[in-house]
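Just so you know, the UniProt record's numbering puts 403 at position 403 of the sequence shown, and the rest follows in order with no gaps.
By construction, the Cβ of each residue, glycine as well, lies at the ideal position given by its N, Cα and C atoms.
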Amino acid sequence: MSSVTQPAYISTFLKPCNQKSCFFSETPCNIIRKQKCKSQSSFRSRVTWPWMVTTDPRRTETHRAKEPGSGRTKPTSDPWNPSFRTIPTYQECFPNSTKHYQSVKHEETGETLWVPFRRVHLSGGEPPFDNYDTSGPQNISPYEGLPKLRKSWIERREARKDPVFTQMYYARKGIITEEMLYVATREGMDPEFVRSEVAKGRAIIPSNRKHLELEPMIIGRNFKVKINANIGNSAVTSSIEDEVEKLQWATLWGADTLMDLSTGKHIHETREWIIRNSPVPVGTVPIYQALEKVDGVAEDLTWEIFRDTLIEQAEQGVDYFTIHAGVLLRYVPLTANRLTGIVSRGGSIHAKWCLAHHKENFAYEHWDEICDIMAHYDIAFSIGDGLRPGSIKDANDEAQFAELYTQGELTRRAWEHHVQVMNEGPGHVPLHKIPENMQKQLDWCSEAPFYTLGPLTTDIAPGYDHITSAIGAANIATLGTALLCYVTPKEHLGLPNREDVKAGVIAYKIAAHAADLAKCHPMAQEWDDALSKARFEFRWEDQFNLSLDPVSARSMHDETLPSEGAKVAHFCSMCGPKFCSMRITEDIRAYAEQHGYSSIEEAQKKGMEEKSKEFLSIKKTVSGEQVGETGGEVYVPLERTNNP
């Protein structure tokens, strides 16, 4: 394993300026400007990079008055000072729940870590139920940014002058970092098991050392299945305000990671606001911003522009990069006979560059240099699937699997630099072809975590692709996929709004949890059992509050039974009071208890015996042959009927 030091071009690129500290950073502020490069028709980053130049630290009453935000600014009129809007509070979304922090001591440093959970307070003397929580600290203005949870952790490592800062490096050294202990507590796992999985490359903890606000999480098939939410503006619509709102909304409902896929105006400023307010890892596709620097002309891209973009985003705190280095020149012709060609934006950019210059993908050619940058910041690779199928017909074709095989090669090369890696997968895949995808990824990529977009299991349902893809997501996650990229109802139709984001997150939380149950994750069954018990005992409020979306569950119940009395009734509007199976079961249990039976089975047996005695006591026969006796017969002879 190689020892990684800071590449020379990083320190050359990062030149300190003399401005005062920025609001979000205690380091000198470095302002990035764009200057037309005289040597080529592209824009090049000239100066260094801000921690935060999007906010004036000297907030005025005017700024504070903007925070609740009643208006919608499209597009953002001032990227340095957006007009943020409020979203529903934690308490409004999760009634009778509170943020609970479990303390755990990091033995090596002696520091106490505080790990968040959502604590649901139950009725009827039931103990509270603690659930995994991704929402981050509450009641904090976006202008202030989240608390820097990891500040002391990173400062200790930098003071020691560690040669490498990646979680994989520490895990291979036998060191349980604060991040490893943190995620072990969240998962209900042994910290040593977490360290072992990270050391082997079977799990990753995306955690750029510049993203101090991060609440660490882990991605691996032996842990809870995680979901990613995509946000980001486009050249057509959205604003900084919209994207920060989507960030807060997605993490509130359970998104474990976020990808900023902005391709419109203010890419840098949008990303800065997102990272400073994100408690979860943030990923990007750096080629998008690199393309913006050359005015959208893919042929004008260069390795130097791409490299500078990587460093620029790394300095902001991006936790994982999607890089389509597996799109090789020789693979592009394999897509010629596809129904839908190349559907990945990043993949198509690299493919166009390769064909225009008839050269190999510069990301592949400079992979080791990219690894040096990733190792310096502890950024994880999400090796992109630029040749993923965009339709059911193209699933599992030669182009897709050729790229996946190359992903395996790139994975092992990254591990030589102690860089954490996950592999991206499809896409559009029918159910019967999903297992082959999972097995090939495990075999070819040495069991690195798999990260899939669904997959969508049919192409016929625009507007409902959060459902078509959640079906595939549950399937492939059960087989071993560790991270699921959500799909919203707007997939293939338009840029999602806040409600689309929620619908996508909820659909994928269901898929992920279904897989957790199938994989017997220790915390999964407990949640189902708690809600099922509340349902059986007709604790309606507890049933609502334990659900993924308490507000929607309560609203649906109240559509037909809105009165408060219905919240304690032993039935719902589906069956009513006479046909409720759970109420009938309760009656059977009450009967058993009243008559001293030890179980329902014993009560049923005794009841059958009593009915048998009753039948025999009135001397019934099978056919009711006694003279003058009618009723109660099992069958009646034909001659006793009135039929002709």
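With contact defined as three or more Cβ pairs closer than 8 Å, the stretch 540-552 and the stretch 88-100 are in contact. With contact defined as three or more Cβ pairs closer than 8 Å, the stretch 352-362 and the stretch 270-283 are not in contact.
N337 is bridged by DSSP to nothing; it lacks a bridge partner. With three or more CB-CB distances shorter than 8 Å, the stretch 442-455 counts as touching the stretch 421-429.
By the C-beta density criterion, E593 is exposed, having fewer than 16 other C-beta atoms within 10 angstroms. Note on geometry: alpha-carbon atoms of F538 and A203 lie some 41 Å from one another. I287 is the residue among Y331, I287, S344 and R388 whose C-alpha sits nearest the C-alpha of L310. Judged by DSSP secondary structure, C485 falls within the beta strand (DSSP E) whose first and last residues are L483 to C485. Excluding the 5 residues flanking it on each side, T335 has same chain C-beta neighbours closer than 7 Å at G341, I342, L387 and A399, in chain order. Inside the stretch 302-377, DSSP marks whole alpha helix (DSSP H) runs of 4 or more residues at positions 303-316, 345-357, 362-365 and 367-377, from first to last along the chain.
A235 sits exposed, since fewer than 16 C-beta atoms from the chains shown fall within 10 Å of its C-beta.
Contact check for M438 against L495 fails: the beta carbons are separated by 8 Å or more.
In terms of CA proximity to T263, S239 leads the group V505, S239, N277 and W444.
Exclusion of the five residues before and after S382 leaves G283, Y320, F321, T322, M422, E424 and Y451 as the residues of its chain whose Cβ lies within less than 7 Å of its Cβ. Listed in chain order, the non-local C-beta contacts of K509 below 7 Å within the same chain comprise I227, G254 and L548, local neighbours out to five positions each way being set aside. DSSP, read as helix, strand or coil, puts D260 in strand.
In the three-state scheme derived from DSSP, where H, G and I count as helix and E and B as strand, A473 is classed as helix. Cβ-Cβ distances below 7 Å link R209 to I154, F165, Y377 and D378 in the same chain, with the five nearest sequence neighbours on each side left out; the list follows chain order. Assigned with DSSP and collapsed to three states, Y464 falls in coil, not helix or strand. Taken in chain order, the whole beta strand (DSSP E) runs of length 3 or more contained in the stretch 388-475 are 421-425 and 450-453.
Between W303 and H366, the gap from beta carbon to beta carbon is short of 8 Å. Exclusion of the five residues before and after G408 leaves W444 and C445 as the residues of its chain whose Cβ lies within less than 6 Å of its Cβ.
In this structure, the straight-line span from the alpha carbon of Y143 to that of I460 is close to 43 Å. In this structure, DSSP gives Q138 a state outside helix and strand, which the three-state scheme calls coil. In the DSSP assignment, D300 falls outside any beta strand (DSSP E), carrying neither H nor E.
Looking at the DSSP output, L113 shares a beta bridge with V104.
Here the alpha carbon of A477 sits roughly 9 Å from the alpha carbon of K519. Per DSSP, reduced to three states, the secondary structure at R202 is coil, with no helix or strand assignment.
Residue E197 holds the alpha-carbon nearest to the alpha-carbon of R172 among E178, T411 and E197.
Non-local C-beta neighbours of E292 in its own chain, meaning closer than 7 Å and more than five positions away in sequence, comprise I267, ordered along the chain.
Within the same chain, P489 come within 6 Å of G463 by CB-CB distance, once the 5 residues on both sides are set aside. Around the Cβ of W540, a 10 Å sphere holds 16 or more other Cβ atoms; the residue is buried.
Within the stretch 505-536, the runs of alpha helix (DSSP H) at least 4 residues long that lie entirely inside it are, in chain order, 524-536. In the displayed model, Y288 falls within a helix according to three-state DSSP. Under a 10 Å Cβ-count criterion, S599 is classified as exposed, with fewer than 16 other Cβ atoms of the shown protein chains found around its own Cβ.
Under the three-state reduction of DSSP output, V501 falls in the helix class.
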